[in-house]
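Okay, so here's the structure we're looking at.
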Amino acid sequence: MMKYKGAIFSIVLLIFTVIIISFLSKAENTTNVADGKGQETITVWAWGGWAQHLEDIAPIFEERNPGININVNNQGVEQVYQRLTTGLASGQSSQLPDIVQMEEQRLPIYNNNFPNSFVDLTEFGFDQYADFLPEAKVGALSNEEGNLIGLPGDIGPVGLFYRIDVFEDANVDPQSIKTWDDYIDAGKTIKEVTGIDMLGFMANDDISLYKILLQQQGSFYFNEDGEITTESKESKKAFLLMNELFHSGIAANVTNWDGRIASLQNNQVATVPGAVWWSRSLMQQVTNSKGNWRVMKLPEFKEGNTHAAADGGSNFVIPKASDNQRIAYEFIKFATTDLESLTSLVENYFMFPAYTPLYEEEIFKEGNAYFGNQKVLQLFAEISEEVPKVNYTSDYLRANITYSDELASMMLQNKSPEEAWQSVLKKLQSSTGRESSEED
0 MMKYKGAIFS IVLLIFTVII ISFLSKAENT TNVADGKGQE TITVWAWGGW
50 AQHLEDIAPI FEERNPGINI NVNNQGVEQV YQRLTTGLAS GQSSQLPDIV
100 QMEEQRLPIY NNNFPNSFVD LTEFGFDQYA DFLPEAKVGA LSNEEGNLIG
150 LPGDIGPVGL FYRIDVFEDA NVDPQSIKTW DDYIDAGKTI KEVTGIDMLG
200 FMANDDISLY KILLQQQGSF YFNEDGEITT ESKESKKAFL LMNELFHSGI
250 AANVTNWDGR IASLQNNQVA TVPGAVWWSR SLMQQVTNSK GNWRVMKLPE
300 FKEGNTHAAA DGGSNFVIPK ASDNQRIAYE FIKFATTDLE SLTSLVENYF
350 MFPAYTPLYE EEIFKEGNAY FGNQKVLQLF AEISEEVPKV NYTSDYLRAN
400 ITYSDELASM MLQNKSPEEA WQSVLKKLQS STGRESSEED
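Following numbering that gives the first Met the number 0, the numbering of the sequence shown begins with 0 at its first residue and continues without gaps.
Pasting the structure below:
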């Protein structure tokens with residue numbers, strides 16, 4: 000009888016212990032990061048899919064952290080930057096939020112104009128996540144001291160979207176396209192056989208393609224020392240290829256974004272060299288060709304070179320003026336590194352997170368019906384790991400406008416590539432005071 004009672008007591012004690020451990024574990028996961036301050040409101044300035052996603056997950060974070068209220072202010076991209084610039088310039092912290100979404104090319108501009116305005120995230124231990132981000136993203140989020148000052152949002156690895164049915168009609172094997180020369184030859188065949196153009200060109204503003212062509216060669220507007228790279232062999236190759244693509248008879252000149260989408264809806268264009276976010280645009284706006292699209296890696300300049308480049312990608316910074324830096328950090332860390340949260344970001348908004356452990360999740364191994372059940376996300380995950388890092392510098396916007404203007408002159412006003420890149424160099428040296436890398 001005593002043995003029986005002893006056994007009962009042991010079982011009860013075991014159950015009680017499990018309950019206590021479970022309670023403590025749950026309590027740890029719902030620790031109030033407000034640290035007893037009472038009700039705290041975290042204000043976020045964001046746009047698009049990220050703003051919607053943060054609104055979606057805010058209740059989860061609030062439930063786990065009683066006393067915290069997340070207020071997501073969904074705005075336009077330029078509105079966010081205008082308000083941020085005004086707030087930083089005025090020095091009035093009351094005008095600033097706790098968290099700001101920011102494209103990575105804008106980060107060095109703000110760092111230059113408003114030094115030390117954002118929290119060094121190594122103070123909160125975020126540097127431990129650096130190994131779980133693509134190299135290009137780590138470089139973009141680091142300051143001159145090498146410390147991370149931005150939490151990673153998404154990245155825009157680039158591929159070549161193509162219409163498999165059009166290729167088959169023209170008897171062109173997509174796998175035969177290894178280089179950009181192969182791409183142009185295939186485009187001529189497709190144009191001759193089907194009458195369909197290989198790509199749509201916004202000749203008045205197609206700077207994205209030029210940047211893609213630069214980056215896949217491991218180059219950009221400026222080198223690591225901040226020098227202008229216009230005279231580099233990579234830059235010249237990109238100019239010459241842009242000119243050839245436009246004037247080779249395989250490109251449709253579309254005037255704007257709506258025109259580009261219309262050309263795809265009307266079966267006038269066979270390929271799109273573009274970032275992963277084009278997947279969402281195609282699925283939502285080009286529904287009449289569902290099942291006929293596929294994706295492959297970009298052609299190379301020379302077989303054996305790299306395919307990889309990125310276009311787009313945003314992150315989050317925490318202004319030092321915030322009174323709730325720790326809480327702001329915990330919320331955005333949750334948004335950008337929690338696998339369940341990121342899975343919902345992909346499912347609901349088809350955005351491509353920069354946090355690489357997500358790439359091992361089931362959602363990245365699934366086929367996509369729109370793309371003939373191809374594992375599109377898996378392909379872009381491979382590409383993202385190969386994207387070369389670039390130095391945007393504080394003069395990125397000046398360079399972007401200058402290159403865009405001169406490329407348009409080359410394509411629409413018959414300026415030679417040599418004249419165009421020489422004009423870019425002269426203008427950038429004058430407007431930025433930077434020296435040329437003088438590479439050849």
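Ideal Cβ placement from N, Cα and C applies to all residues, glycine included.
All values derive from a computational prediction rather than experimental measurement.
Which residue marks the beginning of the alpha helix (DSSP H) containing residue i, and which one marks its end?
i: R279; result: W277 to Q284
i: R63; result: G47 to R63
i: S207; result: I206 to Q214
With DSSP run on the structure shown, which of helix, strand or coil describes residue i?
i: V118; result: coil
i: W256; result: helix
i: M201; result: coil
i: T229; result: coil
i: Q158; result: Per the sequence shown, residue 158 should be read as Gly rather than Gln. Strand, per DSSP.
i: V171; result: coil
i: E134; result: helix
i: D180; result: helix
i: N73; result: strand
i: S435; result: strand
i: N68; result: strand
i: D126; result: helix
i: T29; result: Annotation note: pLDDT 38 at T29 (below 50); position unreliable, no value reported.
i: F221; result: strand
i: I249; result: coil
i: I41; result: strand
i: L150; result: strand
i: V423; result: helix
i: S9; result: Because S9 sits at a pLDDT of 45, beneath the cut-off of 50, its placement in the model cannot be relied upon, and the following sentence gives the value as read from the coordinates. It is helical.
i: Q428; result: helix
Quick check: does the Cβ of residue i come within less than 7 Å of any heavy atom belonging to the ligand FAD?
i: F117; result: The ligand FAD is not among the ligands present in this structure, which contains no ligands whatsoever.
Just reading off the beta strand (DSSP E) that residue i is part of, what are its end residues?
i: G273; result: T270 to A274
i: E143; result: Taken as a continuous stretch (DSSP letters only), E143 belongs to no beta strand (DSSP E), as it is neither H nor E.
i: Q100; result: I98 to E102
i: R105; result: Segment: none, R105 is in no beta strand (DSSP E) and carries neither H nor E.
Among the residues of its own chain, which have a CB less than 6 Å from the CB of residue i, if the five just before and after it don't count?
i: T40; result: N68 and N70
i: V137; result: A129
i: T471; result: Lying before the first or after the last residue shown, residue 471 is absent from the chain, which here runs from 0 to 439.
i: K374; result: G366
i: G217; result: P387
i: Y358; result: A380
Looking at chain D, is there any beta carbon in it that lies within less than 8 Å of the beta carbon of residue i?
i: I195; result: Protein chains in the displayed structure number just one, and chain D is not present.
Could you check how far apart the C-beta atoms of residue i and residue j are, in whole angstroms? I think they sit under 8 Å.
i: A269; j: I189; result: 5 Å
i: L213; j: F219; result: 5 Å
i: A327; j: P151; result: A327 to P151, Cβ: 15 Å. No contact.
i: I447; j: A185; result: Here the chain comprises residues numbered 0 to 439, so residue 447 is not present and cannot be evaluated.
i: K364; j: Q377; result: 6 Å
i: E103; j: G312; result: 6 Å
i: L440; j: Y209; result: Because the chain in this structure spans residues 0 to 439, residue 440 falls outside the shown range and cannot be described.
i: M197; j: A237; result: M197 to A237, Cβ: 18 Å. No contact.
i: W44; j: V99; result: 5 Å
i: A334; j: L83; result: Not really, about 19 Å apart at Cβ, beyond 8 Å.
i: E299; j: T392; result: Contact flag wrong, Cβ pair sits at about 27 Å.
i: I227; j: S429; result: That pair is no contact at about 11 Å.
For residue i, which residues of its own chain have a beta-carbon under 7 Å away from its beta-carbon, when the five flanking residues on both sides are left out?
i: L297; result: V157, G158, L159, Q215, P272, H306 and A308
i: S116; result: L87, Y109, P318 and K319
i: I211; result: V157, P272, A308 and D310
i: S403; result: D204 and I206
i: W277; result: F160 and V271
i: N314; result: M101, E103, L140, G149, L150, P151 and G152
i: Q324; result: V118 and I317
i: F370; result: W292, R293 and V294
i: L396; result: I108
i: Q267; result: I195, D196 and A251
Near residue i, which residues of its chain fall below 8 Å by C-beta distance, leaving aside the five closest residues on each side in sequence?
i: A368; result: K289 and G290
i: L442; result: With the chain represented from 0 up to 439, any question about residue 442 goes unanswered, as that position is not in the structure.
i: P133; result: I154, A353, T355, S383, E384 and V386
i: T85; result: Q94
i: G145; result: none
i: I148; result: L106, N110, F117, V118, D119, L120, L140, S141, N142 and V316
i: D172; result: F166
i: V192; result: D168, A169 and N170
**OP:** Write down every uninterrupted run of the alpha helix (DSSP H) in the stretch 298-354 whose length is 4 residues or greater and which is fully enclosed by it, in chain order.
**Re:** 324-336 and 338-348
Original post:
Going along the chain, which unbroken runs of the alpha helix (DSSP H) with 4 or more residues stay wholly within the stretch 364-405?
Top reply: 375-383
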